[in-house]
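In terms of this note's numbering, the numbers along the sequence shown are unbroken and rise by one, the last being 347. To start, the structure under review is shown below, and the notes come after it.
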Amino acid sequence: MHINIEIKWLYYSIILSFMLVCSCMANDSILKNTNGHAEVVLDSTVYRINFPALNSAIILNKNIKYIFDSFDISPSSKDILIAANPLSGDEALILLSSDGLYLRSLISKKFIRNPAYSPEGKLIAFLSSEDRSDDSYIPNWYVYTIGVNDGVAKKVFSIPVSPYTPSWDPSGKQIFVTSKDRSIYSVDIISGNYSKIIEYGLAPTVSNSGSYIAYLSSTVNDDQKKLLKEYVNMTSDEYVLAMKDKIKSKKISEIEELQNNNSIIIYDRKIKKSTILTERLSLEDRVLWSPDDNYLIYNDEKRLNRDIYVIDIETGKTELVSTINGKIMTWDK
15 MHINIEIKWL YYSIILSFML VCSCMANDSI LKNTNGHAEV VLDSTVYRIN FPALNSAIIL
75 NKNIKYIFDS FDISPSSKDI LIAANPLSGD EALILLSSDG LYLRSLISKK FIRNPAYSPE
135 GKLIAFLSSE DRSDDSYIPN WYVYTIGVND GVAKKVFSIP VSPYTPSWDP SGKQIFVTSK
195 DRSIYSVDII SGNYSKIIEY GLAPTVSNSG SYIAYLSSTV NDDQKKLLKE YVNMTSDEYV
255 LAMKDKIKSK KISEIEELQN NNSIIIYDRK IKKSTILTER LSLEDRVLWS PDDNYLIYND
315 EKRLNRDIYV IDIETGKTEL VSTINGKIMT WDK
């Protein structure tokens, strides 16, 4: 009997200790003062993670009529915009209500992806690669805008881009994109004028204040830059031939590896200076700013489950958001 009592007390002591540790971890969380929510897509189902509680809920179930993995939430948080691929017919930007009920198809156009609402919600930037007859190994994507109300689409950037979501400036007058050869440009959506602001970088995301741009980058030498330019302009036949050459295939493998091992960089638009925030991570998607610009959220893809992390901009401290895995799409107020 005495032994059983001791075992019981030992059991309760362990449980109490565990609860205290969890409590301390919660108190030490870098997310405790963070508000807002992030949307995540996993297997064509959209989840919403609430901060700082980190509880999650499904806000859009998979629709068997469509295959989709890129979307955006309207500034009012009322509508969900999806670049969907119908199982029959062309792709389309499909506007959905927040309860998941279909409202209307905004445009019917082949090869659409990565829509992004403008800050006021009146325009949508998106990528299209409608013409694939040139047999490029890596398709040429182009940036368009379309009016939410009038449905008028306009090509706003003549240079081919990489398939990363366009990022709007808070003014709603500029977007930031990654060119096919991995330079970052600012584009005036009215005049079409553009300027290169970062020589080598991927997936720019403008902070909510407009003061900073977070992007991904890795160290490349002049030879790698030259090879990268050749690589992104290869035809499918040229790529197949290159992969049969041991020397060329090794160099191509190095370039492809560079694309998925990047540091997170913060660019100060006022002083035009970049600062490295992290060392190289297995990052493929863009990182996203919290509403207060104090944190970034990102996917580390070293594991197949696409772990989600948050990083404190000031301290560099990271924390695993462990409620759900998937692809981060938005972080809203």
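Note that the Cβ used here is the ideal one computed from N, Cα and C, for glycine as well.
Going by C-alpha positions, ASP299 is about 11 Å away from THR219.
According to the DSSP assignment, ALA167 belongs to the beta strand (DSSP E) that extends over 167 to 175.
Ranked by Cα distance from TYR214, the options ASN207, VAL234, SER223, ILE96 are led by VAL234.
Closest by C-alpha distance to LYS347, out of ASN313, ALA228, SER304, is SER304. Here LEU297 is near ASP314, since their CB atoms are less than 9 Å apart. Straight-line measurement puts the Cα of LEU95 at about 13 Å from the Cα of GLU105.
Short of 7 Å from the beta carbon of SER122, and not among the five residues preceding or following it, lie these beta carbons of its own chain, in chain order: ASP104, ALA106. In the DSSP annotation of this structure, the continuous segment of the alpha helix (DSSP H) that includes MET257 starts and ends at 250 to 258. By DSSP's assignment, ALA97 forms a beta bridge with SER84, LEU107. Contact between LEU45 and VAL324 holds, with the beta-carbon distance rounding to 6 Å and staying under 8 Å. A Cβ-Cβ separation of about 7 Å places TYR281 in contact with TYR229 under the 8 Å criterion. Under the three-state reduction of DSSP output, ASP314 falls in the strand class. For GLN188, the pairing in a beta bridge is given by DSSP as ASP202. CA-to-CA, the gap between LEU74 and TYR312 works out to about 21 Å. Beta bridge pairing from DSSP links TYR61 with VAL54, ILE72.
The beta carbon of SER88 sits closer than 6 Å to the beta carbons of TYR131, GLY135 from its chain, once the five residues preceding and following it are set aside; these are given in chain order.
In the DSSP assignment, ASP237 falls within the alpha helix (DSSP H) that extends over 236 to 246. The three-state reading of DSSP puts LYS341 in strand, counting E and B together. One Cα belongs to ASN339, the other to ILE285, and the distance between them is close to 36 Å.
ILE152 sits close to MET248, with the two beta carbons spaced by under 9 Å.
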